[in-house]
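Right, one structure below, let's go through it.
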């Protein structure tokens, strides 16, 4: 596939400090809200702006990122940690500028890594051929402690919510759980698959009101992605809508979300790049495990 990134990539790279890493995790209170599709399209939209994107995919089974792109992953981060494979044999590149790291098996081990495995993880991430501008984490709900350590370590956590009542209820329940258990009190809400953007604002407003009244968390509006039949069309060809049908309403909304992401404030440790973030992740994943087991 040809490199379709925009010609202004070089200029954007000069504007966007290459030493400043942006880490954003995407989560949801329940399956079926289109989270993986959102992550994949945001990754491609960022790559089209000239950024190098690493997608960490915690999902296994039929819902993994490879399925979205029609690619069968050849390994998992856990094999890198056990020094069974080098990182480059586990990564796959569905489009230029986007590398996907399957990590479903490794995600369940993060709180129990040996010193040797931790060193292997640091060494593996340091071996990336190109500097990473943005890490997007597509989290799995199947964690023993109920929330991804990547999600706790990331500078930003995006809760993907659909317009269904169960999705809204489950999303609030997860926000409450993470806020009380781990003191993470800031989330951005992206409302997916709604008829109008006004519907998205209404859903967000209701969530924010309840969270504020109960002192659970501070919620910010991330935007809304309209329900778009074009998404079904591109899904049949395992292609992202932001590049295949760029004029579709959903594509415009996803590109807007990706562009806005670059203006979000960064966490202090993100200024140190991938290595410092991984150190933060490993420290946090070991620190939170005992608290969860006591809960």
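Residue numbers (this note's numbering): 44 to 338. Cβ coordinates follow ideal geometry from the N, Cα and C atoms, glycine included.
In this structure, the CA atom of residue 161 is about 10 Å from the CA atom of residue 125. With contacts defined by Cβ atoms closer than 9 Å, residue 70 and residue 247 do not form a contacting pair.
For residue 229, the beta-bridge partners assigned by DSSP are 261. The beta strand (DSSP E) runs lying completely inside the segment 81–135 and spanning 3 residues or more are 96–100, given in chain order. For residue 226, the closest C-alpha among the options 129, 287 and 259 is that of 259. When DSSP reads this structure, residue 179 sits in a beta bridge with 67 and 98. Below 8 Å, too few C-beta pairs join the segment 271–281 and the segment 298–306 to call them touching: fewer than three. By the neighbour-count definition (other C-beta atoms within 10 Å, threshold 16), residue 323 is a buried residue. Annotated three-state conformation of residue 206 is coil, per DSSP. Distance between residue 250 and residue 280, taken at the CA atoms: about 35 Å.
For residue 158, the uninterrupted alpha helix (DSSP H) segment begins and ends at 158–169. The distance from the Cβ of residue 76 to that of residue 268 is about 10 Å, inconsistent with a contact at the 8 Å cut-off. Here residue 147 is buried. Its C-beta has 16 or more other C-beta atoms within 10 Å. By the criterion of at least three beta-carbon pairs nearer than 8 Å, the segment 204–211 is not in contact with the segment 119–134. Taking C-beta atoms as the reference points, residue 170 and residue 131 count as a pair closer than 9 Å.
Residue pairing by DSSP puts residue 144 in a beta bridge opposite 99. Bounds of the alpha helix (DSSP H) holding residue 249 are 240–256. With a 10 Å radius around the Cβ and a threshold of 16 neighbouring Cβ atoms, residue 174 comes out exposed.
Taking a C-beta distance under 9 Å as the contact criterion, residue 99 and residue 181 qualify as a contact pair. Residue 276: member of the alpha helix (DSSP H) spanning 273–278, first to last residue. Taking residue 133 as the centre and dropping the five residues before and after it, the same chain places the C-beta of 116, 117, 118, 119, 120, 122, 123, 144 and 145 closer than 8 Å to its C-beta, in chain order. Spatial neighbours of residue 178 in its own chain (CB-CB distance under 6 Å, excluding positions within 5 residues in sequence) are listed in chain order as 66 and 97. A direct Cα-Cα distance of roughly 16 Å separates residue 87 from residue 107. The C-alpha of residue 218 is placed about 10 Å away from the C-alpha of residue 261. Beta bridge pairing from DSSP links residue 199 with 67.
Linking residue 193 to residue 152 through their CA atoms gives a straight-line distance of about 12 Å. Excluding the 5 residues flanking it on each side, residue 327 has same chain C-beta neighbours closer than 8 Å at 192, 195 and 196, in chain order. If you look at residue 153, you'll find it isn't in any alpha helix (DSSP H); DSSP assigns it neither H nor E. Its chain contains 68, 194 and 230 as the residues whose beta carbon lies nearer than 6 Å to that of residue 200, once the 5 sequence neighbours on both sides are disregarded; these appear in chain order. In terms of Cα proximity to residue 110, the closest of 317, 277, 297 and 285 is 277.
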